[in-house]
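**Q** Numbering (our numbering), first residue to last: 199 to 548.
Backbone N, C-alpha and C fix where the C-beta goes; we use that ideal spot for every residue, glycine too.
1. For residue 493, which of 509, 379 and 278 has the nearest alpha-carbon?
2. For residue 437, report the span of its beta strand (DSSP E) as first-last.
3. The alpha helix (DSSP H) with residue 495 in it runs from where to where?
4. Measure the CB-CB distance between residue 481 and residue 392 and report whether it falls below 9 Å.
5. I'd like the span of the beta strand (DSSP E) that includes residue 549, first residue to last.
6. Looking at the structure shown, is residue 203 part of a helix, part of a strand, or coil, going by DSSP?
7. Quick test of your reading: residue 496 and residue 484, contact by CB under 8 Å. State the CB separation rounded to the nearest angstrom.
8. What residue ranges within the stretch 238-316 form continuous alpha helix (DSSP H) runs of no fewer than 4 residues, ordered along the chain?
9. In its own chain, which residues sit with a C-beta less than 6 Å from the C-beta of residue 507, not counting the 5 before and 5 after it?
10. Go ahead and pull the three-state DSSP assignment for residue 233.
11. Any idea if residue 403 is buried or exposed, counting beta-carbon neighbours within 10 angstroms, 16 or more meaning buried?
12. Can you tell me whether residue 437 is buried or exposed? The criterion is at least 16 other CB atoms within 10 Å of its CB, across all chains shown.
13. Here's the rule: buried if 16 or more other CB atoms are within 10 angstroms of the residue's CB, otherwise exposed. What is residue 215?
14. When you compare each of 254, 308 and 202 to residue 479 by their alpha carbons, which one comes out closest?
15. Is it buried or exposed for residue 348, if we count other Cβ within 10 angstroms and need 16 for buried?
16. Check this for me: beta carbons of residue 301 and residue 361, under 9 Å apart or not?
17. With distances taken from CA atoms, which of 434, 233 and 225 is nearest residue 208?
18. With 16 other CB atoms within 10 Å as the buried threshold, where does residue 535 fall?
19. How far does the alpha helix (DSSP H) with residue 376 in it extend, from its first residue to its last?
20. Locate the alpha helix (DSSP H) running through residue 483, then write down its first and last residues.
21. Taking residue 370 as the reference, which of 500, 415 and 263 has the closest Cα?
The following block contains the structure:
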């Protein structure tokens, strides 16, 4: 019969017992992190309640920030771009009228520049084909046309960017710019809050799973220790310091069975953690939207970007006008001269 020394046999037992503890530690660490993050006591019955209380506070802080974003954006628009909002009304926002007017003016200036550029090249082509295009005009077009085309392309791109940004920010802007809609959204924040009772109701099942698994793991560790003590006592009582190899292998199977029991809990453990993390994420983003003008749901994140978006759109429009208006003025004068030359040429050829 094959045997193994008592010292080696006890070493095998110790390694298996340690392996059981290491498997349990993975679960214990996850639970310890939750306990530290939410100050959960050792008593598992209160976990869901304490967790819900703290997440309800997190949600309140989130909603307070959204409320501040709404109020801050509205205040900035009124006092920086609408003279304090004295001219505003239920259906009128000076700041939005100014922005929309500026967008239309910038886009119209772009269109005017493109139309003049097209007319300029068309008239010049006709004059050139008739041999009546002056040298100065040919030099002007040869030197200026590439830059004018480049400006036109740049302004076209910038115009599309302005339209896209306004389309994205418009739902939020019309909320913060109109006090009535802003107050309605602020009231809605409270109506759509994540309550402690709701959180606790959803948190109890996963915490129940974690509590049961924790108790199961403790039981498994206790059984592992019990096996090790019993085997150690039995083998140390043998007349020789040799342990039958078959007996060692039979005993080691018990520890493997304990480890299998631990591993079988992994899926349930992870699912419970995922559910709790989802509740955490929900507390930081509930409500995710608020009903804006005409009942359209507006993503919360747009409200914090509303004032910045307003200023970016405004700055882009100013930049477009600064670039296009001098070009339009120059082209209007030049096209006027070309028209005169063309009419004069027709008069002489008649």
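**A** Considering the structure as presented:
1. Mapped onto the chain shown, residue 493 falls at position 295. It is 379 whose Cα lies nearest to the Cα of residue 493.
2. By 1-based counting over the chain shown, the position of residue 437 is 239. Taken as a continuous stretch (DSSP letters only), residue 437 belongs to no beta strand (DSSP E), as it is neither H nor E.
3. For the purposes of this step, residue 495 is taken as the residue at position 297 of the chain shown. Counting along the chain, residue 495 falls outside any alpha helix (DSSP H), though it belongs to the beta strand (DSSP E) covering 495-497.
4. Indexing the chain shown from 1 puts residue 481 at position 283. Indexing the chain shown from 1 puts residue 392 at position 194. Yes, they are a contact pair.
5. With the chain represented from 199 up to 548, any question about residue 549 goes unanswered, as that position is not in the structure.
6. In the chain shown, the residue the question calls residue 203 occupies position 5. Of the three classes helix, strand and coil, the one that applies to residue 203 here is strand, per DSSP.
7. Looking up residue 496 in the chain shown gives position 298. Looking up residue 484 in the chain shown gives position 286. Contact doesn't hold; Cβ gap of about 15 Å is too wide.
8. 245-279
9. As a first step, residue 507 is located in the chain shown; it is residue number 309 there, counting from the start. Cβ neighbours of residue 507 beyond the five flanking positions: 367.
10. To locate residue 233, count along the chain shown from 1; it is residue 35. In the three-state reduction of the DSSP assignment, residue 233 falls in the helix class, which pools H, G and I.
11. What you label residue 403 is simply residue 205 of the chain shown in a count that begins at 1. Classification of residue 403: exposed, given that the 10 Å Cβ count is below 16.
12. Position 239 of the chain shown, counting from 1, holds the residue named residue 437. By the neighbour-count rule (16 or more Cβ atoms within 10 Å), residue 437 is not buried but exposed.
13. Locating residue 215 in the chain shown gives position 17, counting from the first residue. So residue 215 counts as buried.
14. Along the chain shown, read from residue 1 onward, the residue named residue 479 stands at position 281. Out of 254, 308 and 202, 254 has the C-alpha closest to the C-alpha of residue 479.
15. Counting from one through the chain shown, the residue named residue 348 turns up at place 150. It counts as exposed.
16. In the chain shown, the residue the question calls residue 301 occupies position 103. In the chain shown, the residue the question calls residue 361 occupies position 163. In contact: residue 301 and residue 361 (Cβ atoms closer than 9 Å).
17. Walking along the chain shown from the start, residue 208 turns up at place 10. Taking only the C-alpha atoms, the option nearest residue 208 is 434.
18. Working through the chain shown from its first residue, we reach residue 535 at position 337. By the 10 Å Cβ count, residue 535 comes out exposed.
19. As a working mapping, residue 376 is identified with position 178 in the chain shown. Element bounds for residue 376: n/a, residue is neither H nor E.
20. As a first step, residue 483 must be located in the chain shown, where it is residue number 285. No alpha helix (DSSP H) contains residue 483, which DSSP labels as neither H nor E.
21. For the purposes of this step, residue 370 is identified with residue 172 of the chain shown, where counting begins at 1. The shortest C-alpha separation from residue 370 is found at 500.
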